[in-house]
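Worksheet for the structure shown next.
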Amino acid sequence: MPSLIAHVETFLRELGPVGWILFIALYALAVTFYVPGSVLTLLGGALFGPRLGVLAVLAGAFLGMAGNWFLTRQWLRPWAQRKLEQNPRLQRLEQVLSRDEGWKLVALLRLSPLFPFVLINLVCALTSNLRFPSYMAASAAILPGTVLYIYIGDTVRQGLTLDGGLEQSRFFLRILGVAATFAVVWLVGRTASRVLKKQLSETDT
């Protein structure tokens, strides 16, 4: 695994900015076609580090969400509608999103682990009352989770290349940083999940 990451990193560095752009394009395509992006997010952290990794993943995610929105609405609506009809939870979610200020619920969904990222994209694309600008703005709530995954990916890369006491000390501090970031993201996600569960339970009554 360390050698594989090193080879990919070397290859992308030789490409220069083109390598970074290729990663963004790959990420965007994955999101557009309903491929979960967790592994790619971790890889972005391992390959590009915290700053460029976050920028690359956010760029790819937003391009992918835009592509997925229009692809689902224009070409995949029958398929997506069947998926929705087969899942009562997604149907309730679509009902809640159809209310006024559904964009607030989108933000909560992006913060909460209750629904997978790709299913949120599907339901949002099918919700007629939800406007594209509001959807994209609310989706900025993916930032905390993105930072956490990037941080983990970068930390794993550093852990695989440890050499010497000083580096081990820095790595330990990095582990503490990851733990603190995870705690914050978990608390925010837990709060968002509580609000979501309340909203969904109100739909059942």
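Each residue of the sequence shown is one higher than the one before, starting from 4 at the first, in the numbering used here. Where is the CB? At the ideal position from N, CA and C, for every residue including glycine. Treat the numbers as computed from the prediction; the structure is a model and nothing was measured.
- By the 16-neighbour rule on beta-carbons within 10 angstroms, R160 is buried.
- Here A59 has W23, F26, I27, Y30, G47, F51 as same chain residues with Cβ atoms under 8 Å from its own Cβ, once five neighbours each way along the sequence are excluded.
- For M139 and R85, the gap between their C-alpha atoms comes out near 24 Å.
- Three or more pairs of CB atoms, one per stretch, sit closer than 8 Å, so the segment 143-150 contacts the segment 187-198.
- Spatial neighbours of G63 in its own chain (CB-CB distance under 6 Å, excluding positions within 5 residues in sequence) are listed in chain order as I27, Y30, A31.
- When the beta-carbon positions are compared, V181 and Y154 come within less than 7 Å of each other.
- With distances taken between CA atoms, T13 lies nearest to A49 out of G40, L43, A49, S41.
- Contact between the segment 101-113 and the segment 62-77 is absent: fewer than 3 CB-CB pairs across the two stretches fall below 8 Å.
- Boundaries of the alpha helix (DSSP H) harbouring P147: 146-163, taken from the DSSP string.
- Between V21 and E205, the alpha-carbon positions lie close to 49 Å from each other.
- Here Q202 carries a helix assignment [DSSP, helix/strand/coil].
- Assigned with DSSP and collapsed to three states, Q171 falls in helix.
- In summary, G67 is buried, with 16 or more beta-carbon neighbours lying within 10 Å of its beta-carbon over all protein chains present.
- Within 10 angstroms of the beta-carbon of N124 lie 16 or more other beta-carbons, which makes it buried.
- Cβ contact annotation for Q202 (same chain, cutoff 7 Å, sequence separation greater than five): V99, L108, in chain order.
- The three-state secondary structure of R134, taken from DSSP, is coil.
- Listed in chain order, the non-local C-beta contacts of G56 below 6 Å within the same chain comprise G47, G48, I153, local neighbours out to five positions each way being set aside.
- Around the Cβ of A183, a 10 Å sphere holds fewer than 16 other Cβ atoms; the residue is exposed.
- Here the alpha carbon of R173 sits roughly 28 Å from the alpha carbon of G19.
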